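In the working numbering, the protein residues as written are 142 to 417. So the structure is just underneath, and the comments pick up after that.
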């Protein structure tokens, strides 16, 4: 599913799916598989093997040639202009509201590799230990190498603003949410997808019930009141898509002009600034 965005076993009826799972009957039918290597397919087959004696265990899987291939950090260094935009975006993100951070996390979660490949390289540049997360020291060193002058206190504050999970590490999704706007103005289409994801009951509005479901144990009346006060411009106790759109773009800065032209456009960013 991670490789192709499709499930290995498909059937219109549950019993058909169960039978396929039990017999190990599946095919690489997705178009995505056409661009993937034979080694990746061999790896998947070895994991979805019904016979446990033939199936790879965790230790064997980690040593599989396809999974074990190494990609040195020197091969994943982004353009300096990309890093400059990322540093600036993180600085701006430090003042972003909790509501907007929540929306950016949704957009980040739904972004494809093609859309954010340069941001992935930027993450790797921060993650000098190459272990999949960014420590405070790594973040500190990266921000100190930026064009702007940050004090240790500034960097500590920015780190905490990106570390949504408050576990002293920045994960890729957190980093992506903080740097998405370095790719330029996020389009209305992407915001519509995020709004629909937040609007879990398809009411066309973000209500208190939606926030209760989104926030879970972190839900408080005070927090939701703050969200509504910030975004609900007509004061009807709910947030429409129009209000969501205006709020999201009201102070948005456009950085995409700083990127090199060969990066092209994506559905995340527009090449020229437009009015909200």
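Backbone N, C-alpha and C define an ideal beta-carbon position, used for all residues, glycine too. Treat the numbers as computed from the prediction; the structure is a model and nothing was measured.
Item                                                                                                         : Value
Inside the segment 337–386 only - alpha helix (DSSP H) runs reaching at least 4 residues                     : 349–356, 362–372
At least 3 beta-carbon pairs within less than 8 angstroms: the segment 230–245 vs the segment 364–374        : yes
Inter-stretch contact at 8 angstroms, needing at least 3 Cβ pairs: the segment 284–298 / the segment 313–329 : no
Whole-angstrom C-beta distance between residue 232 and residue 289, which should lie under 8 angstroms       : 7 angstroms
Separation of residue 360 from residue 352, as counted between CA atoms                                      : 7 angstroms
Three-state secondary structure assigned by DSSP to residue 234                                              : helix
Burial state of residue 156 (16 or more Cβ within 10 Å)                                                      : exposed
Residue from 181, 303, 338, 161 whose Cα sits closest to the Cα of residue 424                               : Shown here, the chain extends from 142 to 417; a query on residue 424 therefore has no answer.
Proximity to residue 181 [Cα-Cα], best of 161, 195, 210, 162                                                 : 210
Candidates 174, 191, 316: closest to residue 163 by CA position                                              : 191
CA-to-CA distance, residue 326 to residue 310, given in whole angstroms                                      : 27 angstroms
Selection from 261, 152, 271, 391 that minimises the alpha carbon distance to residue 224                    : 261
Proximity below 9 angstroms, CB of residue 306 to CB of residue 297                                          : no
Segment contact flag, the segment 198–206 with the segment 166–177, C-beta cutoff 8 angstroms, min 3 pairs   : no
Beta-carbon proximity check, residue 184 vs residue 208, cutoff 9 angstroms                                  : yes
According to DSSP, residues forming a beta bridge with residue 253                                           : None; residue 253 has no bridge partner.
Residue 312 in three-state terms, based on DSSP                                                              : strand
Check whether residue 268 and residue 279 have beta carbons under 9 angstroms apart                          : yes
Spatial distance of residue 219 from residue 271 (CA atoms)                                                  : 15 angstroms
Residue 321 beta carbon near the ligand NAP (any heavy atom closer than 8 angstroms)                         : With respect to the ligand NAP, the structure shown offers nothing to examine, as it has no ligands at all.
Nearest candidate by alpha-carbon position, reference residue 378, set 362, 312, 391                         : 362
Supposed close pair residue 167, residue 158 - CB separation, criterion 8 angstroms                          : About 11 angstroms; that fails the 8 angstroms criterion.
Residue 292, DSSP secondary structure in three states                                                        : coil
Per-residue DSSP class, three states only, for residue 417                                                   : With a pLDDT of only 39 at residue 417, under the threshold of 50, the placement of this residue in the model should not be trusted; the figure read from the coordinates follows. Looking at residue 417 - three-state DSSP - the assignment turns out to be coil, as it is neither helix nor strand.
Status (buried if at least 16 other CB within 10 Å, exposed otherwise) for residue 266                       : buried
Whole-angstrom distance between residue 344 and residue 263, CA atom to CA atom                              : 38 angstroms
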